[in-house]
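Participant:
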Amino acid sequence: MFFSKVFAQSLLLSGAGYFAWANPIARENGGQVITPISHNMNASELSGTVPEADIKVAMKNAVSQPAAASLTSDETEALRLHNAARAGKKLPPLVWDAKLAADASAWAQSLKNSNTFQHSSASSRPNQGENLAWNSSPSTPINNPLALGTQQWLNEEKSYSGETMPGPNFANYGHYTQIMWKTTTSVGIASATNGKGTYWTVARYSPPGNIVGQKPY
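Residues -22 to -1, 1 to 195 (mature numbering (1 follows the signal peptide of the UniProt record, and there is no 0)) make up the sequence shown, in order.
1) If we count Cβ pairs, one from each stretch, closer than 8 Å, do we get three or more for the segment 64 to 74 versus the segment 115 to 134?
2) Going by DSSP in three states, Trp74 sits in which element: helix, strand or coil?
3) Measure from the alpha carbon of Lys90 to the alpha carbon of each residue in Gly107, Asn113 and Gly187, then state which is nearest.
4) If you draw a straight line from the alpha carbon of Glu55 to that of Ala125, how long is it in whole angstroms?
5) So, helix, strand or coil for Glu6, using DSSP?
6) Return the residue from the list Pro185, Gly166 and Ala84 that minimises the CA-CA distance to Trp159.
7) Tell me whether the beta-carbon of Gln192 lies closer than 8 Å to the beta-carbon of Thr142.
8) Taking the straight line between their C-alpha atoms, what separation do you get for Asn147 and Thr50?
9) What's the gap between the Cα of Gly187 and the Cα of Pro116?
10) Please return the same chain residues whose Cβ sits closer than 7 Å to the Cβ of His60, not counting the five positions on each side in sequence.
11) In angstroms with no decimal places, state the Cα-to-Cα distance between Ile189 and Ser48.
What follows is the structure in structure tokens.
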């Protein structure tokens, strides 16, 4: 049996506790003060809404893609999925950032060690956006958690209809719009596993997206 969760965090996290919306926080960017979206886990984000057929396709594709010289096959496929989607909207490709990947790995390990599923604090990741995914498949090995999480986030495209951030249904498309944010230039993704078929996947983006009052593209 396969279980999954995806959890959108667009930019900054304020407040504490599950199932509670946090107040937006203003940040300065390029001399302009802008307001990023900020929220904690919402109940609607806990259910696994990604069709299992889509997950199986993502898993198959990831193991068939050749790895770039400095990346694993899973990292290569996750990056390819990001950039294929961006190319479809005529957005420039993201580049892989080792520092972002290291930061993502540290938080994924923390989530695994604490057996929790929540966003990192804003202060711990300045100028970084964050997407999270949790997947568990005790019987069938997950060999590509990064590509799997990426495909789950991209599947939210069907829920996005061009809204200005945040929009009434932000929880349904926040991962997708972060991936597609026009001013984001780099990404790093990592995962941690408990060795029992459960994976915590974290993606970090810079500059972060999902800024209140703006659109991704």
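Cβ coordinates follow ideal geometry from the N, Cα and C atoms, glycine included. What you are looking at is a predicted structure, and each value in this text was computed from that prediction instead of being measured.
Facilitator: The relevant details are as follows:
1) no
2) For the purposes of this step, residue 74 is taken as the residue at position 96 of the sequence shown. Of the three classes helix, strand and coil, the one that applies to Trp74 here is strand, per DSSP.
3) If you number the sequence shown from 1, residue 90 lands on position 112. Checked all of Gly107, Asn113 and Gly187; the closest Cα to Lys90 is Asn113.
4) Residue mapping note: residue 55 aligns to position 77 of the sequence shown, counting from 1. Residue mapping note: residue 125 aligns to position 147 of the sequence shown, counting from 1. If I take the Cα positions, the gap works out to 6 Å.
5) On the sequence shown, residue 6 is found 28 positions in, with the first residue counted as 1. Reliability fails at Glu6, whose pLDDT of 27 lies under 50, so the model's placement of it is uncertain and no value is given.
6) As a working note, residue 159 is residue 181 in the sequence shown. Taking only the C-alpha atoms, the option nearest Trp159 is Pro185.
7) Within the sequence shown, numbered from 1, the residue matching residue 192 stands at position 214. Within the sequence shown, numbered from 1, the residue matching residue 142 stands at position 164. Contact: yes.
8) By 1-based counting over the sequence shown, the position of residue 147 is 169. By 1-based counting over the sequence shown, the position of residue 50 is 72. When rounded, the distance between both Cα atoms is 34 Å.
9) Indexing the sequence shown from 1 puts residue 187 at position 209. Indexing the sequence shown from 1 puts residue 116 at position 138. If you take the alpha carbons of Gly187 and Pro116, they lie about 34 Å apart.
10) To locate residue 60, count along the sequence shown from 1; it is residue 82. The residues are Leu72, Thr128, Ile157 and Val165.
11) For the purposes of this step, residue 189 is taken as residue 211 along the sequence shown, with counting starting at 1. For the purposes of this step, residue 48 is taken as residue 70 along the sequence shown, with counting starting at 1. For Ile189 and Ser48, the distance between alpha carbons rounds to 32 Å.
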